Structures are given as C-alpha cells and as structure tokens.
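Everything in the sequence shown is counted per the numbering used here, starting at 10 for the first residue and increasing by one. No residue lacks a Cβ here, since even glycine has one placed at the ideal position from N, Cα and C. The structure displayed is predicted, hence computed values, not measured ones. Comments concern the structure below.
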Amino acid sequence: MEVLAHLKEALEALRERSQNLIAAIAAHAEARLGYEAALDALEDARARAIREGLEGRNEQARQAELLEKAQEEENAVRSARAVYRVTEANLEMARVAWSLEKEVLRALTALLGDR
C-alpha cells in the first residue's frame with residue numbers, strides 16, 4: 010500500500026509539473042512575440058530615421074528626435090530580450106522538473122509491477 014500511496018503522490022506531482030510546463034510554454038511564446046515585436050519596432054524606427062532624415066526639415070532637431078526614438082526602441086529590445094531569456098530558463102527548468110517526475114512515476118510503476 011505504501012508504494013501505491015507514493016504512486017498517487019508522484020502522479021499528482023506529475024500533473025502539477027505538467028501544468029507548470031504548459032504555463033512556461035505559454036510565457037515563453039508570449040515573451041518571444043514581445044521580443045519579435047520590439048525588434049520590428051526598432052527596425053521601423055531605424056527605417057523612419059533614415060527616411061525622415063532625408064526629408065531635411067529642421068534637420069538637427071529631427072535627427073535628435075529620431076535618435077531618441079531609436080534609443081528608446083533599442084532599450085525596449087534589450088528589455089524584451091531579457092524577459093525572453095528568463096522565460097527560456099524557466100521553460101527549461103519546467104521541462105527538467107516534468108521529466109524527473111515522469112521518471113519517478115515510471116520507477117514507482119515498475120516497483121508496483123514487481124510486487
């Protein structure tokens with residue numbers, strides 16, 4: 010009976026790890042989308058800086074404004090990349106935890122089968 014109790018605990022832990030893994034996958038996907046959106050915004054800001062810089066109206070003020078906007082976008086990319094890296098680490102930890110729980114469940118099932 011003790012093995013059966015451990016088996017139930019392992020199954021519940023595996024269910025919890027599965028939910029954590031699903032949440033980590035979703036957070037990772039969301040962070041990736043945010044990172045990609047920030048990259049797109051930076052690319053757009055750079056293209057706008059080139060395009061509008063060529064128009065030449067109040068050139069120095071416009072260049073300063075465009076430079077500031079590009080720097081803001083670069084900061085947004087850095088921030089999004091940091092979030093993305095954290096979610097990658099969290100996803101990997103969730104995968105490892107899930108795998109460990111799965112192995113515990115297999116071992117307990119094998120133990121139960123030997124009885």
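Exercise for the section: Pull up the distance between the alpha-carbon of SER88 and that of VAL12, whole angstroms please. Expected result: As a working mapping, residue 88 is identified with position 79 in the sequence shown. As a working mapping, residue 12 is identified with position 3 in the sequence shown. C-alpha separation (whole angstroms): 48 Å.
Exercise for the section: Could you check if LEU120 is buried or exposed, using at least 16 other CB atoms within 10 Å of its CB as the buried criterion? Expected result: Numbered from 1 along the sequence shown, position 111 holds the residue referred to as residue 120. LEU120 should be labelled exposed.
Problem - Cβ shell of LEU117 (< 8 Å), same chain only, five flanking positions each side left out - result: Counting from 1 along the sequence shown, the entry for residue 117 is found at position 108. Around LEU117: VAL12, HIS15, LEU16 and ALA19.
Practice task
Run the CB neighbour count on ALA73, radius 10 Å, all protein chains shown included, and call it buried at 16 or more, exposed below.
Solution key: Within the sequence shown, the letter at position 64 stands for residue 73. Residue burial annotation: ALA73 is exposed, with fewer than 16 other C-beta atoms found within 10 angstroms of its C-beta.
Problem - Closest residue to GLU83 among ILE31, ALA22 and GLU45 (Cα-Cα distance) - result: The count along the sequence shown starts at 1 and reaches residue 83 at position 74. Here the closest residue by C-alpha is GLU45.
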